[in-house]
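I have placed the structure first, in the form of structure tokens, so that the comments after it can refer back to it.
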Amino acid sequence: KNEVEQSPQNLTAQEGEFITINCSYSVGISALHWLQQHPGGGIVSLFMLSSGKKKHGRLIATINIQEKHSSLHITASHPRDSAVYICALFSQGGSEKLVFGKGMKLTVNP
Amino acid sequence: DAGVIQSPRHEVTEMGQEVTLRCKPISGHNSLFWYRQTMMRGLELLIYFNNNVPIDDSGMPEDRFSAKMPNASFSTLKIQPSEPRDSAVYFCASSPEWTESSYNEQFFGPGTRLTVL
Numbered sequence: 001k002n003e004v005e006q007s008p009q010n011l012t013a014q015e016g017e018f019i020t021i022n023c024s025y026s027v028g029i030s031a032l033h034w035l036q037q038h039p040g041g042g043i044v045s046l047f048m049l050s051s052g053k054k055k056h057g058r059l060i061a062t063i064n065i066q067e068k069h070s071s072l073h074i075t076a077s078h079p080r081d082s083a084v085y086i087c088a089l090f091s092q093g094g095s096e097k098l099v100f101g102k103g104m105k106l107t108v109n110p
Numbered sequence: 001d002a003g004v005i006q007s008p009r010h011e012v013t014e015m016g017q018e019v020t021l022r023c024k025p026i027s028g029h030n031s032l033f034w035y036r037q038t039m040m041r042g043l044e045l046l047i048y049f050n051n052n053v054p055i056d057d058s059g060m061p062e063d064r065f066s067a068k069m070p071n072a073s074f075s076t077l078k079i080q081p082s083e084p085r086d087s088a089v090y091f092c093a094s095s096p097e098w099t100e101s102s103y104n105e106q107f108f109g110p111g112t113r114l115t116v117l
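Here the protein sequences line up with chains A and B, keeping their order. Those letters in the first sequence? Residues 1 to 110, per our numbering, in order. Those letters in the second sequence? Residues 1 to 117, per our numbering, in order.
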């Protein structure tokens with residue numbers, strides 16, 4: 001069983017739509033990281049979460065430690081939001097291991 | 001700041017050859033990470049350093065891979081001998097600090113696309 005599951009795997013939306021990307025995990029974590037990988041390959045860190053909610057511009061990230069679930073929301077989506085969104089978790093247990101989800105490919109059409 | 005700098009950006013080599021990838025982290029960052037990304041396995045953490053000391057190298061595939069950080073401004077990832085299955089994009093990232101009690105955002109370099117023929 002994968003430690004990190006992202007859903008959906010692919011999503012196509014129309015410009016302006018509200019988008020939710022989900023990340024579920026099965027291990028105890030110390031922190032969760034949302035990354036954005038652009039079509040050109042560059043990776044940008046969006047959020048680092050250990051509890052609650054963070055907001056940056058049109059992006060909102062939430063995490064529920066008890067339910068082992070995090071969501072990334074995009075409001076008023078735009079074609080430039082088209083990218084792969086990757087959830088990564090920093091697992092507990094002394095291994096200090098970073099585990100990555102497979103990513104979710106988002107396409108926002110104009 | 002120029003961000004994390006990686007070189008070369010592209011490398012094509014033949015099986016059996018030695019490959020050295022280079023990374024210059026953002027000045028002042030104490031943590032440095034090496035990642036590998038493939039279509040099959042996605043992003044994988046290979047190794048990370050805190051204050052030039054390797055902390056976790058459990059992701060390093062095998063003895064053919066080695067990483068060094070001789071000083072705070074430079075790190076290398078070496079593969080010898082290289083094999084076709086090593087073909088991937090290798091990313092370096094740095095962070096102000098990364099410990100179990102203090103997590104900071106990671107800043108990624110542009111990556112090195114390695115092709116081993």
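For glycine and all other residues, C-beta sits at the position ideal for the given N, C-alpha and C.
Applying a beta-carbon distance threshold of less than 7 Å, which residues of chain B neighbour residue i?
i                : result
Ile-86 (chain A) : Leu-43
Please determine, among the options, the residue with the shortest C-alpha to C-alpha distance to residue i.
i                 : options                                    : result
Pro-79 (chain A)  : A:Ser-26, A:Ile-21 and A:Pro-39            : A:Pro-39
Pro-84 (chain B)  : B:Glu-18, B:Asn-71 and B:Gly-3             : B:Glu-18
Ile-29 (chain A)  : A:Leu-72, A:Asn-64 and A:Val-108           : A:Asn-64
Phe-33 (chain B)  : B:Thr-112, B:Val-89, B:Arg-64 and B:Ile-47 : B:Ile-47
Leu-114 (chain B) : B:Gly-3, B:Ala-2 and B:Glu-14              : B:Glu-14
Asn-109 (chain A) : A:Asn-22, A:Phe-18 and A:Gln-6             : A:Phe-18
Lys-68 (chain A)  : A:Gln-36, A:Thr-107, A:Ser-26 and A:Lys-55 : A:Ser-26
Leu-89 (chain A)  : B:Leu-43, B:Pro-70, B:Asn-50 and B:Asp-86  : B:Leu-43
Ser-82 (chain A)  : A:Asn-10, A:Lys-55, A:Val-99 and A:Gly-52  : A:Asn-10
Leu-45 (chain B)  : B:Leu-117, B:Glu-105 and B:Ala-93          : B:Ala-93
Leaving out five residues before and five after residue i in sequence, what residues of the same chain have Cβ atoms less than 7 Å from its Cβ?
i                : result
Arg-58 (chain A) : Ile-74, Thr-75 and Ala-76
Trp-34 (chain A) : Leu-46, Phe-47, Ala-61, Leu-72, Tyr-85 and Cys-87
Gly-41 (chain A) : none
Pro-8 (chain B)  : Thr-112
Which chain A residues sit within Cβ distance under 8 Å of residue i?
i                 : result
Asn-104 (chain B) : Met-48
Phe-91 (chain B)  : Ile-43
Phe-107 (chain B) : Ser-45
Just the chain A side, please: which residues come within less than 7 Å of residue i by C-beta, in chain order?
i                 : result
Pro-8 (chain B)   : By Cβ distance, chain A contributes nothing, its closest Cβ being about 15 Å from Pro-8 (chain B), past 7 Å.
Gly-111 (chain B) : Gly-41
Which residues of chain B have a Cβ atom closer than 8 Å to the Cβ of residue i, listed in chain order?
i                 : result
Lys-102 (chain A) : Gly-42
Worksheet item: Going along the region 15-32 of chain B in order, which residues come within less than 8 Å of chain A, judged by CB to CB distance?
Response: none
Worksheet entry | Under 9 Å (Cβ pairs) to chain B, residues found in the region 25-39 of chain A | Ser-30, Ala-31, His-33, Leu-35 and Gln-37
Discussion item. Just to confirm the assignment: which complete beta strand (DSSP E) runs, minimum length 3, are found wholly within the region 66-94 of chain B?
Written reply: 74-79
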